[in-house]
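Numbering (my numbering), first residue to last: 2 to 259. Have a look at the structure below before the remarks.
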């Protein structure tokens, strides 16, 4: 299964006959990668938890919270997941206070999840347009780890006929960079896969660095794959600008990380 296929599978969960456990398994087995795709999977899992939960409203709410807890355990630093779980729990708490029956609680969570997925897709479309203008054509970009946002930007570049060259680190130990390299090569863009240890040398010939983010902190700092900090230091030493491509939902709502 490719990253694109895995991502589509998660996104089509709201509205098809899947169970929350299947989405959790996809996340556990790393079939879904990239913070934005994982966030959409979280919305899907929470809506499915509501759909499959008991008819007693309190028990239904407890099931949604339990799935939320599993999501947080699987993706503890992903801001999109933290935000999805926080919002779902707030909806459950509000509706239980009102004495809302289970069918209406399910419907509200489903509507919220579908709207959230659509908003994420719309944000990524806008990000792809803006990011593609930054990348331009005929320039060399270095990236680290797998970012579905960066991939969408590069897809936009390729569809516009751009010829940007992409340098990708392997991003060990899980080698997410290899998977991104496969996707970039499929777009027809020239790409080069390098060992992580070579990033400091290879960035010197680049025009820009672009990475995704697992979370953006209120301070403006961001969390991403180990090695991103070293890449940013190397880029600063070489005078190469660094861009972080992330939705506003990546701003982490948890004060503990701030």
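All C-beta atoms in this analysis are idealised placements derived from N, C-alpha and C, irrespective of residue type, glycine included.
Contacting residues, own chain, Cβ-Cβ under 6 Å from residue i (five flanking each side not counted)
i           : result
residue 217 : 223, 247, 251 and 252
residue 15  : Because residue 15 sits at a pLDDT of 46, beneath the cut-off of 50, its placement in the model cannot be relied upon, and the point is left open.
residue 178 : 169, 170, 171 and 172
residue 233 : 243
residue 139 : 164
residue 35  : 147, 148 and 149
residue 62  : 93 and 97
residue 157 : 129 and 133
residue 137 : none
Given residue i as reference, the closest of the options once Cα atoms are compared
i           : options               : result
residue 69  : 232, 84 and 56        : 84
residue 24  : 62, 76 and 55         : 76
residue 72  : 159, 187, 188 and 29  : 29
residue 201 : 239, 57 and 102       : 239
residue 229 : 221, 219, 90 and 214  : 214
residue 206 : 86, 166 and 219       : 166
residue 243 : 95, 141 and 119       : 141
residue 108 : 118, 36 and 96        : 96
residue 204 : 194, 193, 183 and 241 : 241
residue 198 : 65, 175, 158 and 231  : 231
residue 130 : 112, 42, 100 and 161  : 161
residue 220 : 65, 255, 117 and 194  : 255
residue 92  : 111, 125 and 134      : 111
residue 159 : 100, 87 and 134       : 134
residue 143 : 123, 65, 236 and 189  : 236
residue 263 : 121, 155, 194 and 189 : This structure cannot speak to residue 263, because the chain is shown only from 2 to 259.
residue 194 : 208, 67 and 176       : 176
residue 209 : 21, 225, 196 and 145  : 145
One or two residues paired with residue i in a DSSP bridge
i           : result
residue 223 : 217
residue 127 : Bridge partners of residue 127: none, in fact.
residue 192 : 167
residue 211 : 244
residue 252 : 217
Outcome for residue i when other beta-carbon atoms lying within 10 angstroms are tallied against a minimum of 16
i           : result
residue 81  : buried
residue 54  : buried
residue 104 : exposed
residue 128 : buried
residue 50  : buried
residue 88  : buried
residue 132 : buried
residue 1   : Since the first residue shown for the chain is 2 and the last is 259, residue 1 is missing from the structure and cannot be characterised.
residue 19  : buried
Cβ shell of residue i (< 7 Å), same chain only, five flanking positions each side left out
i           : result
residue 152 : 181 and 184
residue 58  : 97, 101, 102, 103 and 106
Neighbourhood of residue i by C-beta distance below 8 Å, restricted to the same chain and skipping five residues each side
i           : result
residue 192 : 166, 167, 168, 169, 182, 185 and 186
residue 60  : 54
residue 125 : 37, 149, 150, 153 and 248
Runs of 3 residues minimum, wholly inside the region 66 to 149: which ones carry the beta strand (DSSP E) assignment?
141 to 144
In chain order, what are the residue ranges of uninterrupted alpha helix (DSSP H) at least 4 long that sit wholly in the region 11 to 50?
The region 11 to 50 contains these whole alpha helix (DSSP H) runs: 21 to 29.
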